[in-house]
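Student:
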Amino acid sequence: MKWTAGIRTIGMLAAQETGGYERLFGLDPQLLHDTVFTGAAVFFLFFVLSYFLFNPARDLLQKRREAIAKDLEGAKASREEARRLEEAFEEQMEQADKVAQEKVRETEKRAAKAETVLIREAKKEAESIRLRAQEEIRQQKRQAAKDLRREVISIAAAMAKKAAASQMTVAIQDALVEETLREMEEDTWRGC
Numbered sequence: 381m382k383w384t385a386g387i388r389t390i391g392m393l394a395a396q397e398t399g400g401y402e403r404l405f406g407l408d409p410q411l412l413h414d415t416v417f418t419g420a421a422v423f424f425l426f427f428v429l430s431y432f433l434f435n436p437a438r439d440l441l442q443k444r445r446e447a448i449a450k451d452l453e454g455a456k457a458s459r460e461e462a463r464r465l466e467e468a469f470e471e472q473m474e475q476a477d478k479v480a481q482e483k484v485r486e487t488e489k490r491a492a493k494a495e496t497v498l499i500r501e502a503k504k505e506a507e508s509i510r511l512r513a514q515e516e517i518r519q520q521k522r523q524a525a526k527d528l529r530r531e532v533i534s535i536a537a538a539m540a541k542k543a544a545a546s547q548m549t550v551a552i553q554d555a556l557v558e559e560t561l562r563e564m565e566e567d568t569w570r571g572c
């Protein structure tokens with residue numbers, strides 16, 4: 381109730397000023413002038429702010445959009461370049477693997493050839509060593525036979541001397557032959 385009383389009081393005061401209860405506020409030329417002036421000021425303020433604040437902000441945002449688009453294009457180009465470089469790198473790695481495998485094959489072939497040559501040379505060397513050893517054995521056999529002949533001759537000469545010096549009986553001759561053979565065997569085994 382207090383509210384309604386306050387509104388009635390305001391309404392009465394307004395009515396007394398205007399001369400009655402005709403209107404709550406009056407449309408006079410001053411109010412119309414103030415309204416037009418305020419509207420023009422708002423529009424003027426809007427255009428001024430638009431020119432000094434909104435347009436630079438729009439320009440800044442446009443430049444930022446362009447910079448972002450340019451960065452995205454650069455990133456896309458960099459990504460494309462990285463992909464291309466990666467493909468080139470993979471291709472080079474494949475080529476390097478092929479070259480390495482080829483070199484390994486060539487090395488294996490050379491090693492096999494060298495092995496064959498070494499085996500062949502080793503066989504030749506072994507054969508020449510065997511032939512030299514056989515020749516050396518033949519020479520030693522010939523030398524041993526010569527030495528044995530000399531020994532037999534010297535023993536026979538010694539026996540002839542002994543036989544001539546003494547009278548020999550059959551038992552003495554057998555004993556001398558046995559002794560001579562025993563000496564020959566001992567000398568033969570000592571020479572080997």
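If you count by the numbering used here, then the sequence shown holds residues 381 to 572, one letter each, in order. For every residue, glycine included, the Cβ atom is placed at its ideal position computed from N, Cα and C.
#1: Going straight from the alpha carbon of F591 to that of A462, what length do you get?
#2: F423 lies in the alpha helix (DSSP H); which residues open and close that run?
#3: Does the beta-carbon distance from M539 to L556 come in below 8 Å?
#4: Taking the Cβ atom as the reference point for each residue, do I535 and E563 lie within a distance shorter than 8 Å?
#5: Using only the alpha-carbon positions, how far apart do D375 and A420 sit?
#6: Among the residues of its own chain, which have a CB less than 7 Å from the CB of A491, if the five just before and after it don't count?
#7: For T560, name the three-state secondary structure that DSSP assigns.
Tutor: To lay it out plainly:
#1: Summary: the structure shown does not reach residue 591, with the chain confined to residues 381 through 572, and so no result is reported for it.
#2: Taking the sequence shown and counting its residues from 1, the one referred to as residue 423 is at position 43. Counting along the chain, the alpha helix (DSSP H) containing F423 begins and ends at P409 to L429.
#3: For the purposes of this step, residue 539 is taken as the residue at position 159 of the sequence shown. For the purposes of this step, residue 556 is taken as the residue at position 176 of the sequence shown. A contact, by the Cβ cut-off of 8 Å.
#4: Residue mapping note: residue 535 aligns to position 155 of the sequence shown, counting from 1. Residue mapping note: residue 563 aligns to position 183 of the sequence shown, counting from 1. Cβ atoms of I535 and E563: closer than 8 Å.
#5: Lying outside 381 to 572, the shown extent of the chain, residue 375 is not represented and no answer is given.
#6: Counting from one through the sequence shown, the residue named residue 491 turns up at place 111. There are no such residues.
#7: For the purposes of this step, residue 560 is identified with residue 180 of the sequence shown, where counting begins at 1. Helix, per DSSP.
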